[in-house]
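Novice:
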Amino acid sequence: MQTMVVRSKITQTFLNPFLSSGGPVTNPWNTRFDRDEYVYGTEPNAFLLQSFKQIPNGRVLCLGEGEGRNAVFLAEQGYEVVAVDASNVGLDKAQRLAETRGVQIETRVADLTDYDLGQEQWQGIVSIFCHLPPELRQSVHARIAPALAPQGSLLLEGYTPDQLAHGTGGPPSVEMLYHPAMLQQDFANLTINWLEAKVRDVTEGIGHTGTGAVVQLIARKI
1055 MQTMVVRSKI
1065 TQTFLNPFLS
1075 SGGPVTNPWN
1085 TRFDRDEYVY
1095 GTEPNAFLLQ
1105 SFKQIPNGRV
1115 LCLGEGEGRN
1125 AVFLAEQGYE
1135 VVAVDASNVG
1145 LDKAQRLAET
1155 RGVQIETRVA
1165 DLTDYDLGQE
1175 QWQGIVSIFC
1185 HLPPELRQSV
1195 HARIAPALAP
1205 QGSLLLEGYT
1215 PDQLAHGTGG
1225 PPSVEMLYHP
1235 AMLQQDFANL
1245 TINWLEAKVR
1255 DVTEGIGHTG
1265 TGAVVQLIAR
1275 KI
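Residue numbers (our numbering): 1055 to 1276.
(1) Please tell me whether glycine 1224 and histidine 1195 are closer than 8 Å, where the distance is taken between their beta carbons.
(2) CB valine 1126 to CB valine 1163, shorter than 8 Å?
(3) Any idea what DSSP makes of threonine 1085, helix, strand or coil?
(4) Cβ of leucine 1102 within 8 Å of Cβ of asparagine 1124?
(5) When burial is assigned at 16 or more other CB atoms within 10 Å of the CB, is asparagine 1111 buried or exposed?
(6) Can you grab the Cα-Cα spacing for the pair asparagine 1081 / valine 1135, in whole Å?
(7) Flag this pair as yes or no: are the beta carbons of phenylalanine 1087 and glutamate 1119 separated by less than 8 Å?
(8) In angstroms with no decimal places, state the Cα-to-Cα distance between serine 1075 and proline 1187.
(9) Per DSSP, what kind of secondary structure is glycine 1076 in: helix, strand or coil?
(10) So the candidates are Glu1160, Lys1275, Thr1096; which of them puts its Cα closest to the Cα of leucine 1209?
(11) Taking the C-alpha atoms as reference points, what is the distance between arginine 1113 and glutamine 1149?
(12) Name the residue from Leu1244, Asn1243, Leu1231, Gly1264 whose alpha carbon lies nearest to the alpha carbon of isoleucine 1182.
(13) Can you tell me whether lysine 1015 is buried or exposed? The criterion is at least 16 other CB atoms within 10 Å of its CB, across all chains shown.
(14) Give me, in chain order, the residues of the same chain whose beta-carbon lies closer than 6 Å to that of glutamine 1270; leave out the 5 immediate sequence neighbours on both sides.
(15) For tyrosine 1092 versus lysine 1147, is the C-beta distance shorter than 8 Å?
(16) How far does the beta strand (DSSP E) with leucine 1231 in it reach, from first residue to last?
(17) Taking aspartate 1139 as the reference, give the member of Gln1173, Trp1083, Gln1108, Thr1096 with the closest Cα.
(18) Under a Cβ-count criterion, where at least 16 other Cβ atoms within 10 Å of its own Cβ denotes burial, should threonine 1214 be classed as buried or exposed?
(19) Could you give the first and the last residue of the continuous alpha helix (DSSP H) run that contains leucine 1171?
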């Protein structure tokens, strides 16, 4: 299955919020993923591995999916998976991983700034370490509840501000990190079944290496 380019325009804010305004528009994720090695490994995120059964059978959307480890895992469990990311290089690697594992996923190169998540079409939406600048985060999170089908679930894990002291992965900007009160507000229109901030080992390739301060969320659309 080929990678679909949903939009050719990729905004600087989404791709590289650390560039100064007026700087060149580049895609640092293409640079990061442009190697044979899978930067975040090929195995699923531990929280997703523990929690994926909260997602009803059907269609799953993976946001900021990168090189595809979580999307491929979900496809192996029988879900119909669409993986969205700004990096065509990462999603090409996702397709190669899917082929190696004998499953199919759909990949879409897209800018989350105005990417249409649709209406009531996903049994699950997965956001694993998909850290965004505040305005974009609020915009994307506001589109999640309408996009979930009734009884659909959101699974999210991200780093908290305490992660800055660990330095084992994640963005270096506190404004792009998550905490429980923020997620409670962002997803007030969903039923929150699990919300916890914790410190756990996060060893995922060379990108996440060691003790991490995370927040985990499972929420359902009733």
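Don't be surprised by glycine CBs; every beta carbon is placed ideally from N, CA and C.
Specialist: Straight from the coordinates:
(1) One thing to note: glycine 1224 has its Cβ no nearer than 8 Å to the Cβ of histidine 1195.
(2) Not a contact, by the Cβ cut-off of 8 Å.
(3) Threonine 1085: helix per DSSP, three-state reduction.
(4) If you check the CB distance, leucine 1102 and asparagine 1124 come in under 8 Å.
(5) Asparagine 1111 sits exposed, since fewer than 16 C-beta atoms from the chains shown fall within 10 Å of its C-beta.
(6) Cα to Cα, asparagine 1081 sits roughly 24 Å from valine 1135.
(7) Contact check for phenylalanine 1087 against glutamate 1119 fails: the beta carbons are separated by 8 Å or more.
(8) Caution is warranted here: a pLDDT of 35 is assigned to serine 1075, below 50, making its placement in the model unreliable, and the coordinate value is therefore given only provisionally. Cα to Cα, serine 1075 sits roughly 14 Å from proline 1187.
(9) Since pLDDT at glycine 1076 reaches only 37, below the 50 mark, its modelled position is unreliable, and no value is offered.
(10) Of the candidates Glu1160, Lys1275, Thr1096, the one whose C-alpha sits nearest the C-alpha of leucine 1209 is Lys1275.
(11) Roughly 18 Å separates the two Cα atoms.
(12) Distance from the Cα of isoleucine 1182 is smallest, within the candidate group Leu1244, Asn1243, Leu1231, Gly1264, for Leu1231.
(13) For the chain, the structure presents residues 1055 to 1276; residue 1015 sits outside this window and is missing.
(14) Result list for glutamine 1270: Phe1101, Glu1211, Glu1250, in chain order.
(15) The answer is yes: Cβ separation under 8 Å.
(16) If you look at leucine 1231, you'll find it isn't in any beta strand (DSSP E); DSSP assigns it neither H nor E.
(17) With distances taken between Cα atoms, aspartate 1139 lies closest to Trp1083.
(18) Buried: at least 16 other Cβ atoms inside 10 Å.
(19) For leucine 1171, there is no enclosing alpha helix (DSSP H), since its DSSP letter is neither H nor E.
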